[in-house]
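A quick write-up on the structure given underneath.
There are 2 protein chains.
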Amino acid sequence: MGDPQPTIDQPVRLEIDPNGEMTGGSRRYDKLLGDLEGLYRDEDAYRALLAERGADALMYYVYDQRYQEGPGALIVGTSTLLPGTVGDEYAMTRGHLHAISDRAELYYCLSGHGVMLLDTIDGRSEAVELTPGAAVNVPGEWIHRSVNVGDEPFVTLFSYAADAGQDYGIIADAGGMRTRIVTDGDGWKQVPNPTHVGYARER
Amino acid sequence: MGDPQPTIDQPVRLEIDPNGEMTGGSRRYDKLLGDLEGLYRDEDAYRALLAERGADALMYYVYDQRYQEGPGALIVGTSTLLPGTVGDEYAMTRGHLHAISDRAELYYCLSGHGVMLLDTIDGRSEAVELTPGAAVNVPGEWIHRSVNVGDEPFVTLFSYAADAGQDYGIIADAGGMRTRIVTDGDGWKQVPNPTHVGYARER
Numbered sequence: 001m002g003d004p005q006p007t008i009d010q011p012v013r014l015e016i017d018p019n020g021e022m023t024g025g026s027r028r029y030d031k032l033l034g035d036l037e038g039l040y041r042d043e044d045a046y047r048a049l050l051a052e053r054g055a056d057a058l059m060y061y062v063y064d065q066r067y068q069e070g071p072g073a074l075i076v077g078t079s080t081l082l083p084g085t086v087g088d089e090y091a092m093t094r095g096h097l098h099a100i101s102d103r104a105e106l107y108y109c110l111s112g113h114g115v116m117l118l119d120t121i122d123g124r125s126e127a128v129e130l131t132p133g134a135a136v137n138v139p140g141e142w143i144h145r146s147v148n149v150g151d152e153p154f155v156t157l158f159s160y161a162a163d164a165g166q167d168y169g170i171i172a173d174a175g176g177m178r179t180r181i182v183t184d185g186d187g188w189k190q191v192p193n194p195t196h197v198g199y200a201r202e203r
Numbered sequence: 001m002g003d004p005q006p007t008i009d010q011p012v013r014l015e016i017d018p019n020g021e022m023t024g025g026s027r028r029y030d031k032l033l034g035d036l037e038g039l040y041r042d043e044d045a046y047r048a049l050l051a052e053r054g055a056d057a058l059m060y061y062v063y064d065q066r067y068q069e070g071p072g073a074l075i076v077g078t079s080t081l082l083p084g085t086v087g088d089e090y091a092m093t094r095g096h097l098h099a100i101s102d103r104a105e106l107y108y109c110l111s112g113h114g115v116m117l118l119d120t121i122d123g124r125s126e127a128v129e130l131t132p133g134a135a136v137n138v139p140g141e142w143i144h145r146s147v148n149v150g151d152e153p154f155v156t157l158f159s160y161a162a163d164a165g166q167d168y169g170i171i172a173d174a175g176g177m178r179t180r181i182v183t184d185g186d187g188w189k190q191v192p193n194p195t196h197v198g199y200a201r202e203r
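Protein sequence lines correspond, in order, to chains V and S. Positions 1 to 203 (the UniProt record's numbering) are the ones given, in order, by the first sequence. Positions 1 to 203 (the UniProt record's numbering) are the ones given, in order, by the second sequence.
Structure representation (structure tokens):
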């Protein structure tokens, strides 16, 4: 009698504020300063910030909406990355490669000023600047992270395949991404990361 | 020595205006009044509009960005649906079910006032109202079309899997969707469509 019919999800209206609040979604998660051990190059600056603000200081948060995890489903949400620096590095997310590495991800900037930092395992690096109304459709096979180079929260709307998953360890295992985004007067610049030892699949 | 490595696409920055213009994409296509034969219920009103405005009158247009069509790629773009009515029906897109029917699609409203009209083959119908900042993550298996119920262009940002494809014939073959969105004083209402004969897979 064939496979049972899968349940078809009910469409839900989402309300998305340029400040990153989203209603109609299913989940919010917070990333705190204490979760980001090892992310920034300047460990002394990280320890000093931890002493000053505490491990519970909010660094970024994500709202998302998930239906059942069918192969064709999309996860939609907002990411809000608070501004700041640790040493000379701008605030950033942990970053990831999708566990199914050919899965793309759309980021559309709702507010703030950020950079999408991108590496391929085989040696390419890019930095795409995002301001409100700009977007980047991150192709498959690109490790990517958001960096806030402005004074306000950097907020993006994102969507990606529900089966994509995230591999966060690939960056930590490599000593960080190939480049870092650091202060340059009032602006930002992309510099080589001397602690980067190559991604696992190229070692 | 194994499969050749696929080419990895280069990330491209997109600039998206709330009026629907998009730079950085690869394509624009226009849908003209003459292309929409059979879409509206009131054939006399359609013929009159055709006589008045001509077959080349622009009704809606789409910008999109496509990389290579890998299984994990996303197509990203904007849809701009011009306002108006044909008889008592508000301006609408042809609508589609994805050819791979479990593929979802995100629509995020950039400007204007619209309705996402949705049907499942097995009998469910929904109408999700969209104004700037609202979005709907259309789940797989939902036939969907945009309707402009406002006085200005209705503009959405969309993303969907590059392998999804579109089946437009499913609506035409069914005599239209299960409901129509018509004028109701200054507003809109959803009414049953008497010409709908059921979708092919349920007949």
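Each residue gets a CB set at the ideal place from its N, CA and C atoms; glycine is no exception. None of these values were measured; they are calculated from a predicted model.
- Item | For Gly-114 (chain V), the residue or residues it bridges with in DSSP | V:Leu-130, V:Asn-148
- Query: If you drop the 5 nearest sequence neighbours on each side, which residues of the same chain put their C-beta closer than 8 Å to that of Ala-99 (chain V)?
  - Reply: Ala-164, Gly-165, Gln-166, Asp-167
- Using CA coordinates, which residue listed in V:Gly-198, V:Gln-65, V:Asp-35 is at the minimum distance from Asp-119 (chain V)? V:Gly-198
- According to DSSP, residues forming a beta bridge with Ser-159 (chain V): V:Val-76, V:Leu-106
- Item | Residues of its chain near Arg-66 (chain S), where Cβ-Cβ distance is below 6 Å and the 5 sequence neighbours each way are ignored | Ser-26, Ile-75
- Consult DSSP for Leu-14 (chain V) and reduce its assignment to one of helix, strand or coil. strand
- Query: Excluding the five sequence neighbours on either side, which residues of its own chain have a C-beta within less than 7 Å of the C-beta of His-196 (chain V), listed in chain order?
  - Reply: Here the set comprises Ala-174, Gly-175, Gly-176, Met-177, Arg-178.
- Message: Going by DSSP, what residue range makes up the beta strand (DSSP E) through Tyr-29 (chain S)?
- Response: 27-32
- Any idea which residues DSSP pairs Ser-125 (chain V) with across the strands? Answer is V:Asp-119, bridged to Ser-125 (chain V).
- Task: Compute the Euclidean distance between the alpha carbons of Glu-141 (chain V) and Gly-72 (chain S), then round it to the nearest angstrom.
- Result: Their backbone Cα atoms lie some 10 Å apart in a straight line.
- For chain V, is any of its Cβ atoms less than 7 Å away from the one on Asp-9 (chain S)? Yes - at least one Cβ of chain V is within 7 Å of the one on Asp-9 (chain S).
- Message: Quick check: is the beta carbon of Gly-72 (chain S) nearer than 7 Å to any beta carbon in chain V?
- Response: Answer yes: the Cβ-Cβ gap between Gly-72 (chain S) and chain V drops below 7 Å somewhere.
- Please go through the same chain and pick out, in chain order, the residues whose beta-carbon is closer than 8 Å to the beta-carbon of Val-138 (chain S), but skip the five residues on each side of it. Cβ neighbours of Val-138 (chain S) within its own chain (closer than 8 Å, five residues either side excluded): Ala-104, Glu-105, Leu-106, Tyr-107, Met-116, Leu-118, His-144.
- Query: Under 7 Å between C-beta atoms, does Leu-14 (chain S) make it to chain V?
  - Reply: With 7 Å as the cut-off, Leu-14 (chain S) counts as an interface residue toward chain V.
- Could you tell me how far apart the beta carbons of Val-147 (chain V) and Ile-181 (chain V) are, in whole angstroms, since I believe they sit closer than 8 Å? 4 Å
- Task: Starting from Arg-180 (chain V), follow the beta strand (DSSP E) in both directions and report where the run begins and ends.
- Result: 179-184
- If you compare alpha carbons, which of S:Gly-20, S:Thr-7, S:Tyr-60 is closest to Arg-94 (chain S)? S:Tyr-60
- Query: Whole-angstrom Cβ separation of Arg-47 (chain S) and Glu-89 (chain S), contact assumed at under 8 Å?
  - Reply: About 14 Å; that fails the 8 Å criterion.
- Query: Whose CA, out of S:Glu-37, S:Gly-20, S:Arg-53, S:Asp-56, lies closest to the CA of Tyr-63 (chain S)?
  - Reply: S:Gly-20
- Using a beta-carbon distance cut-off of less than 7 Å, what residues from the segment 56-88 of chain V approach chain S? Gln-65, Tyr-67, Gly-70, Pro-71, Gly-72, Ala-73, Leu-74, Val-76
- Task: Helix, strand or coil for Val-197 (chain S), going by three-state DSSP, please let me know.
- Result: coil
- Query: Going by alpha carbons, who is nearest to Gln-68 (chain V) out of V:His-113, V:Gly-114, V:Gln-10, V:Gly-112?
  - Reply: V:Gln-10
- Task: Report the residue from V:Cys-109, V:Gly-84, V:Pro-18, V:Asp-17 whose alpha carbon sits nearest the alpha carbon of Val-149 (chain V).
- Result: V:Gly-84
- Are the Cβ atoms of Gly-34 (chain V) and Ala-51 (chain V) separated by less than 7 Å? In this structure, Ala-51 (chain V) does not lie closer than 7 Å to Gly-34 (chain V) by Cβ.
- Message: As a quick exercise: from V:Ile-170, V:Glu-126, V:Trp-188, pick the residue whose alpha carbon is nearest that of Arg-13 (chain S).
- Response: V:Glu-126
- Using CA coordinates, which residue listed in V:Tyr-29, V:Ile-170, V:Cys-109 is at the minimum distance from Asp-17 (chain S)? V:Cys-109
- Taking Gly-114 (chain S) as the reference, give the member of S:Asp-122, S:Met-92, S:Gly-123 with the closest Cα. S:Met-92
- List the residues of chain V whose Cβ lies closer than 9 Å to the Cβ of Ser-146 (chain S), in chain order. Those within 9 Å of Ser-146 (chain S) in chain V number zero; the least Cβ separation is about 13 Å.
- Item | Close-in-space but distant-in-sequence residues of the same chain around His-96 (chain S) (CB under 8 Å, 5 per side omitted) | Ile-143, His-144, Arg-145, Gln-166, Asp-167, Tyr-168, Ile-170, Ile-171
- Message: Tell me the DSSP secondary structure of Arg-203 (chain V) in three-state form.
- Response: Because the pLDDT at Arg-203 (chain V) is just 40, under 50, the model does not fix this residue reliably, and the value given afterwards should be weighed accordingly. Three-state result, Arg-203 (chain V): coil.
- Message: Residues of chain S with CB closer than 9 Å to the CB of Gly-95 (chain V), please, in chain order.
- Response: Those do not exist, as Gly-95 (chain V) stays about 14 Å from chain S at its closest Cβ, beyond 9 Å.
- Query: Applying a beta-carbon distance threshold of less than 7 Å, which residues of chain V neighbour Ile-100 (chain S)?
  - Reply: Gly-72
- Val-86 (chain S) beta carbon less than 7 Å from that of Leu-49 (chain S): yes
- Message: Less than 7 Å between CB atoms is the rule here; does Glu-141 (chain V) satisfy it with respect to chain S?
- Response: yes
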